[in-house]
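Chemist: Numbering (my numbering), first residue to last: 152 to 390. Cβ atoms here follow ideal geometry from the backbone N, Cα and C, with glycine treated the same way. This is the structure, below, for whatever I ask next.
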């Protein structure tokens, strides 16, 4: 299970200025407020030609800037380094087994997580705190107590037992039982900052991963503003 919330993409104006520095081509930039009139970039210059955001004061990417972005992005990470400046913030709730793989992408990322060290005992454990959608609920070849969901429910019972004892005694021995018994399916929330270049690497190498969470994350990438800047290298190879 993975849940992505509260995302924001920032930096477009700065990215475009920097992208055009090498050729001093700032005067060719055509991005800005799309208001459908002479005082804006005009809908005819908007990448989303035929747009429906006239007069709403929204910033839109212009066709010339978009064309240059795509040209540089398709040329690879060195030429497409402007993608490193397109910053994305988001909240992600995902199991620890997914976060362990996400930590591969350390360059250009920052994350603040909910702390298991400090807050593991803050609330009772429930089945909803874990990614267990693939656990079997029945198996004719196993006893009831050995069925995966039953094993998880029993573990949750044990975790809650030691949580209760720890809250009563403050004895760290019982805290250790929670920390060392906590399975990797436990869902943790982190607020993450990364960029379009990191997302490009993720999309290239994780979009067909065996974990559902990676495939869902890559599908989310496809919904980002101007996501073709992120996905173009992969799509070029598959075309």
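Which one of 184, 241 and 237 has the shortest CA to CA distance from residue 381?
Modeler: Of the candidates 184, 241 and 237, the one whose C-alpha sits nearest the C-alpha of residue 381 is 237.
Chemist: For the alpha helix (DSSP H) containing residue 252, name the first residue and the last one.
Modeler: Note, residue 252: alpha helix (DSSP H), 247-253.
Chemist: Suppose contacts are defined by Cβ-Cβ distances below 8 Å. Is residue 249 in contact with residue 345 by that definition?
Modeler: Cβ distance not < 8 Å, so residue 249 and residue 345 don't count as in contact.
Chemist: Out of 297, 312 and 342, state which residue places its alpha-carbon closest to the alpha-carbon of residue 288.
Modeler: Considering only alpha carbons, the answer is 297.
Chemist: Quick check: the segment 306-319 against the segment 219-230, are at least 3 beta-carbon pairs closer than 8 Å?
Modeler: Verdict: no, contact absent.
Chemist: Could you compute how far the alpha carbon of residue 267 sits from the alpha carbon of residue 330?
Modeler: Rounded to the nearest angstrom, the two C-alpha atoms are 8 Å apart.
Chemist: Using a Cβ-Cβ cut-off of 7 Å (strictly less than) and excluding sequence neighbours within five positions of residue 216, which residues of its own chain qualify?
Modeler: So the qualifying residues of the chain are 167, 180, 181 and 182.
Chemist: Determine which residues share a DSSP beta bridge with residue 374 and list them.
Modeler: According to DSSP, residue 374 bridges with nothing at all.
Chemist: Check residue 163 in the structure and name its three-state DSSP category.
Modeler: DSSP places residue 163 in helix when its eight states are reduced to three.
Chemist: Ignoring anything shorter than 3 residues, give me the beta strand (DSSP E) runs that lie fully in the segment 219-282, in order along the chain.
Modeler: Whole beta strand (DSSP E) segments, 3+ residues: 238-246 and 261-264.
Chemist: Can the beta-carbon of residue 150 be found closer than 8 Å to that of residue 336?
Modeler: Because the chain is modelled from 152 through 390, residue 150 falls outside the range shown and cannot be assessed.
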